[in-house]
Ligand code: COA
Ligand code: AMP
């Protein structure tokens, strides 16, 4: 069957479609049906099934005779190590870790925060939680202590599992002091912490609270898999929204298993036993779905890559990893390939490596610019597929179903809606727009298995953020259009979220930090276009009356505050002091116009602007930062 027939079959009978996919999962108790409509736009999948994620990702492959297959390859150019862990080793390590967590009181439903770099132990910690039915929440290593503290207070973890350090090119990231500071700042205190000591830095452990990863596992009884309800939260992953408070996206267990398993063949076109590599980080949704869970659930070998596309040691690293480990399917963010292209425009490194196992390259996380797709296709000779999804969905809303049939690529489009998603372009009045017209991208409810049922501790925010604006639909927060062939085109965010090097960030969160500077009366943060990272945040601050300190000193303090409070990942380095911000007569800051000025684009003078002269000041302020055209 081709894509259209499969999509239509799903649409005609979604329950049957998803029950067929569910047959590929091992259930403790099989579900009686797929969809449970609870009314009031609440939908649950496989709610009466009982299942365990770790069993499906690890143990069942050992039982099926795949025990000696490599499950995880750790390729770490920053530490000079390559390590392989087979499925049977992984099973034993995860069962032991889960046993140690249980011995310290972690049970089904308890939350566990994981704050770790790109090492296999990060995946083992996730899987150990899954084994017990504990709910993990992984926090990206590039966030500062304050962001970690916010997540500790929201998730209220019984335990935190961390490493002593991360390794960024040229510097060690001292995780343990960040963790200690976060626990100090948080109102909630975990019962205990488990610290994986890396040889690059051995952290100080606090007596009675912190346990050594190895020591605390010694002599414990390994834990078996605990079956949980299909709707039981597998994990919480915090992502940026409009305000400084991150949204805790909840992932339901059974839908996650069924949907991710489906994607591995149908989208990424790999069979069990083949090597799959997503060059992302476990702290992001791509890392959850495609470094940890999906490849393991499907019986693939996954790569945990601890390095950068360039500089570790050179722009050939990606091709080296693919060649050395015989990668069949590769997934990364466009920004990473832009970095490689900038260092190696002729693609000379590609020729040094054997990419004969590689079938295709998949891009997501931000808009894939045509130049990058063209270049990558040309230098590798492989198909390059853009696909579009979000933390909220956990898997692709739109993509090229290469494992079903590769559809013709239209550069700039992530291709077509995947089965499970009825994607529509809506006008402000909530009616579907005709092909070619730009509108809000929405998905008709119910969302498919694996997508978020709610936000942790915030069911009202869930409704308000996603369901209220267009009744009967999930609002994606992206704007775009569909063409006459049903291809989707993703154009822009409709909210204050920006995308910096494939990392989703909130300008609202940065504004909250700047507003706390004692000399700042008012501020705005916008996303300006950047050739490498897609977007960069740029801040404008107005000072309180009577402040007469040097402006560059205040701007430097603002930059430091964002780095200290949100983290280096915010990449907030551009900040200007201005007298006033451009506003409408009703007081709304004209951020869109400011973006156009900084990007050097033409803009229409907003009819409602209070004082057009302020725009000249903005133009003058962006020039010294190298913007404005
Ligand atoms: N822990 C601690 N710090 C981190 C970090 C981590 N896991 N990841 C990034 N940082 C730091 C970086 O060291 C950098 O710090 P600096 O300001 O001191 O230089 C800062 O956060 C910004 O990082 P980033 O925006 O990633 O830029 P970079 O200069 O380190 O690298 C690229 C540029 C393009 C090579 C890099 O952004 C990249 O490979 N991105 C891939 C994006 C990706 O995989 N996204 C996941 C979504 S699919
Ligand atoms: P995240 O939740 O971090 O995965 O970010 C999701 C957001 O990134 C989406 O809502 C889009 O704004 C953007 N995004 C992700 N993939 C793509 C893509 N292929 N094309 C355009 N934008 C994308």
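In our numbering, the protein residues as written are 4 to 632.
Yeah, the Cβ is synthetic: ideal placement off N, Cα and C, and Gly gets one too.
Fill in: DSSP-derived helix/strand/coil call for residue 378
Stepping through the chain shown from its first residue, residue 378 is reached at position 375. Judged by DSSP in its simplified three-state form, residue 378 adopts helix.
Practice prompt. Please go through the region 385-427 and give each complete beta strand (DSSP E) segment of 3 or more residues, from N-terminal end onward.
Written response: Listed in chain order, the beta strand (DSSP E) runs fully inside the region 385-427 are 387-389, counting runs of at least 3 residues.
Worksheet item: Does any heavy atom of the ligand COA sit closer than 6 Å to the C-beta of residue 312?
Response: On the chain shown, residue 312 is found 309 positions in, with the first residue counted as 1. Relative to the ligand COA, the beta carbon of residue 312 is positioned inside 6 Å of a heavy atom.
Worksheet item: Can you find a heavy atom of the ligand SAH that lies under 6 Å from the Cβ of residue 369?
Response: With respect to the ligand SAH, the structure shown offers nothing to examine, as its ligands consist of the ligand COA and the ligand AMP.
Fill in: residue 90 versus residue 591: straight-line alpha-carbon distance, rounded
Taking the chain shown and counting its residues from 1, the one referred to as residue 90 is at position 87. Taking the chain shown and counting its residues from 1, the one referred to as residue 591 is at position 588. Rounded to whole angstroms, the gap between the alpha carbons of residue 90 and residue 591 is 56 Å.
Worksheet item: Under the criterion of a Cβ to heavy atom distance below 6 Å, does residue 457 qualify as lining the ligand COA?
Response: One-based indexing of the chain shown puts residue 457 at position 454. No.
Item to complete: State buried or exposed for residue 292, treating a residue as buried only when at least 16 other CB atoms are found within 10 Å of its CB.
Response: Your numbering for residue 292 matches position 289 in the chain shown. It counts as buried.
Worksheet item: Cβ of residue 201 within 7 Å of Cβ of residue 243?
Response: Taking the first residue of the chain shown as position 1, residue 201 is located at position 198. Taking the first residue of the chain shown as position 1, residue 243 is located at position 240. No, Cβ-Cβ distance for residue 201 and residue 243 is not below 7 Å.
Fill in: Under the three-state DSSP convention, the category residue 287 falls into
Within the chain shown, the letter at position 284 stands for residue 287. Three-state DSSP puts residue 287 in coil, outside helix and strand.
Worksheet entry | Beta-carbon contacts of residue 103 that lie in its chain and below 7 Å, excluding the five residues immediately before and after | One-based indexing of the chain shown puts residue 103 at position 100. Excluding residues within five positions, the ones whose Cβ falls inside 7 Å are 219, 220 and 223.
Discussion item. Taking a contact to mean a Cβ-Cβ separation below 7 Å, would you say residue 454 touches residue 510 in this structure?
Written reply: Numbered from 1 along the chain shown, position 451 holds the residue referred to as residue 454. Numbered from 1 along the chain shown, position 507 holds the residue referred to as residue 510. For the 7 Å CB-CB criterion, residue 454 and residue 510 do not form a contact.
Worksheet entry | Given 8 Å, three or more beta-carbon pairs between the region 269-287 and the region 463-483 | Short answer: they don't touch.
Fill in: For residue 580, the three-state DSSP class (helix, strand or coil)
Reading the chain shown from its first residue, position 577 is the one you call residue 580. Of the three classes helix, strand and coil, the one that applies to residue 580 here is strand, per DSSP.
Fill in: Proximity of residue 366 and residue 389 at Cβ, strictly below 7 Å
Indexing the chain shown from 1 puts residue 366 at position 363. Indexing the chain shown from 1 puts residue 389 at position 386. Yes, Cβ-Cβ distance for residue 366 and residue 389 is below 7 Å.
Worksheet entry | Where the beta strand (DSSP E) through residue 503 begins and ends | For the purposes of this step, residue 503 is identified with residue 500 of the chain shown, where counting begins at 1. Counting along the chain, the beta strand (DSSP E) containing residue 503 begins and ends at 500-503.
Discussion item. Any heavy atom of the ligand COA inside 6 Å of the beta-carbon of residue 283?
Written reply: The residue labelled residue 283 in the question sits at position 280 within the chain shown. With a cutoff of 6 Å, residue 283 counts as near the ligand COA, since its C-beta is closer than that to a heavy atom of the ligand.
Worksheet item: Taking the runs of the alpha helix (DSSP H) that are 4 residues or longer, which of them lie wholly in the region 452-491?
Response: Within the region 452-491, the alpha helix (DSSP H) runs of at least 4 residues that lie entirely inside it are, in chain order, 462-465.
Worksheet item: Among the residues of its own chain, which have a CB less than 7 Å from the CB of residue 180, if the five just before and after it don't count?
Response: Counting from 1 along the chain shown, the entry for residue 180 is found at position 177. Hits under 7 Å: none found.
Discussion item. I'd like to know whether the C-beta atoms of residue 75 and residue 123 end up nearer to each other than 7 Å.
Written reply: Here residue 75 corresponds to residue number 72 of the chain shown, with the count starting at 1. Here residue 123 corresponds to residue number 120 of the chain shown, with the count starting at 1. Taking 7 Å as the cut-off, the Cβ atoms of residue 75 and residue 123 count as close.
Item to complete: With a threshold of 6 Å, establish whether the CB of residue 150 neighbours any heavy atom of the ligand AMP.
Response: Here residue 150 corresponds to residue number 147 of the chain shown, with the count starting at 1. No; taking the cut-off as 6 Å, the Cβ of residue 150 has no heavy atom of the ligand AMP nearer than that.
Discussion item. Quick check: does the Cβ of residue 538 come within less than 6 Å of any heavy atom belonging to the ligand AMP?
Written reply: Locating residue 538 in the chain shown gives position 535, counting from the first residue. No, the ligand AMP has no heavy atom inside 6 Å of this Cβ.
Practice prompt. Please go through the same chain and pick out, in chain order, the residues whose beta-carbon is closer than 6 Å to the beta-carbon of residue 344, but skip the five residues on each side of it.
Written response: Counting from 1 along the chain shown, the entry for residue 344 is found at position 341. Excluding residues within five positions, the ones whose Cβ falls inside 6 Å are 378.
Worksheet entry | Proximity test, residue 338 beta-carbon vs the ligand COA heavy atom, cut-off 6 Å | The residue you call residue 338 lines up with position 335 of the chain shown. At least one heavy atom of the ligand COA lies closer than 6 Å to the C-beta of residue 338.
Discussion item. Assuming contact is defined by CB atoms lying nearer than 7 Å, are residue 536 and residue 572 in contact in what I supplied?
Written reply: Stepping through the chain shown from its first residue, residue 536 is reached at position 533. Stepping through the chain shown from its first residue, residue 572 is reached at position 569. It is not a contact, given that the beta carbons lie outside the stated cut-off.
Practice prompt. Under the assumption that residue 160 contacts residue 116 (Cβ atoms under 8 Å), give the Cβ distance between them as a whole number of angstroms.
Written response: As a position in the chain shown, residue 160 is number 157, starting the count at 1. As a position in the chain shown, residue 116 is number 113, starting the count at 1. Confirmed, about 4 Å.
Worksheet entry | Given 8 Å, three or more beta-carbon pairs between the region 48-68 and the region 123-141 | These segments touch.
Discussion item. For residue 5 and residue 232, I'd like the C-alpha separation in whole angstroms.
Written reply: In the chain shown, counting from the first residue as 1, residue 5 sits at position 2. In the chain shown, counting from the first residue as 1, residue 232 sits at position 229. Cα to Cα, residue 5 sits roughly 34 Å from residue 232.
Item to complete: Measuring alpha carbon to alpha carbon, tell me which of 586, 600 and 17 ends up nearest residue 611.
Response: If you number the chain shown from 1, residue 611 lands on position 608. When only C-alpha atoms are compared, the closest one is 586.
Worksheet entry | 8 Å contact criterion, which residue 49 and residue 257 should meet: CB distance rounded | Against the chain shown, residue 49 aligns to sequence position 46. Against the chain shown, residue 257 aligns to sequence position 254. 4 Å between Cβ atoms; contact.
Discussion item. Just list the residues that DSSP pairs residue 168 with in beta bridges.
Written reply: The residue given as residue 168 occupies position 165 in the chain shown. Paired residues: 177.
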